[in-house]
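In what follows, a structure is listed as structure tokens, so that the remarks can point back to it.
Structure below.
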């Protein structure tokens with residue numbers, strides 16, 4: 007029975023990395039497989055991070071790549087302009103000469119670039135130190151779009 011469970015977990019892990027196509031896939035895969043083999047899986051930090059009490063600090067739990075759709079939806083509903091993707095990335099801790107330049111050179115419209123920026127932030131790339139709703143609100147405010155920043159907490163209710 008344990009072997010079947012390990013095989014299923016390995017299959018899910020492999021499927022995840024085939025879909026994600028992250029640059030650190032092999033390293034992440036080996037780390038997870040080591041955890042599976044030893045029976046000590048790392049704790050998942052926040053399965054319910056998108057369900058927050060908006061009257062608190064807008065959800066102190068760290069967001070992850072699993073929250074990508076929710077973050078993009080909230081930004082859209084708060085009327086944050088996709089054209090500010092580069093400025094937002096800088097405010098979130100992404101670096102211009104690395105991640106943001108790669109996003110710029112990758113082509114696509116502003117919405118696609120905003121999506122890539124949020125993905126990089128949620129993965130904790132470059133100098134990202136916090137991936138919370140409050141960090142996002144502060145970064146949006148830092149771009150000069152105070153109105154969108156003020157609308158975000160309402161979208162989390």
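Residue numbers (my numbering): 7 to 163.
We put the CB at the ideal spot given by N, CA and C, even for glycine.
Since the structure is predicted, the reported quantities are computational estimates derived from the model, not experimental observations.
Out of the options, point me to the one whose CA is closest to residue i's CA.
i           : options             : result
residue 125 : 137, 115 and 114    : 137
residue 97  : 112, 133 and 70     : 133
residue 104 : 90, 127, 74 and 143 : 127
residue 90  : 74, 135 and 122     : 122
residue 86  : 101, 110 and 116    : 116
Helix, strand or coil for residue i? Go by DSSP, reduced to three states.
i           : result
residue 163 : coil
residue 140 : helix
residue 122 : helix
residue 166 : Nothing can be reported for residue 166, as the shown portion of the chain is limited to 7 through 163.
residue 56  : Because residue 56 carries a pLDDT of 39, less than 50, the predicted location of this residue cannot be relied on, and the following value inherits that uncertainty. Residue state, collapsed to three classes: coil.
residue 88  : helix
residue 78  : helix
residue 132 : coil
residue 106 : helix
residue 151 : coil
Can you give the Cα-Cα distance for residue i and residue j, rounded to whole angstroms?
i           : j           : result
residue 114 : residue 72  : 23 angstroms
residue 106 : residue 95  : 7 angstroms
residue 48  : residue 68  : Confidence in residue 48 is poor, its pLDDT being 43 and thus under 50, which makes the residue's placement too unreliable to answer from.
residue 166 : residue 149 : There is simply no residue 166 to check, as the chain begins at 7 and stops at 163 in what is shown.
residue 157 : residue 74  : 18 angstroms
residue 100 : residue 163 : 28 angstroms
residue 93  : residue 78  : 16 angstroms
residue 44  : residue 129 : Annotation note: pLDDT 47 at residue 44 (below 50); position unreliable, coordinate value reported separately. Whole-angstrom Cα-Cα distance: 25 angstroms.
residue 84  : residue 145 : 14 angstroms
Can you have a look at residue i and say buried or exposed, based on whether 16 or more other CB atoms are within 10 angstroms of its CB?
i           : result
residue 131 : buried
residue 153 : exposed
residue 119 : buried
residue 111 : exposed
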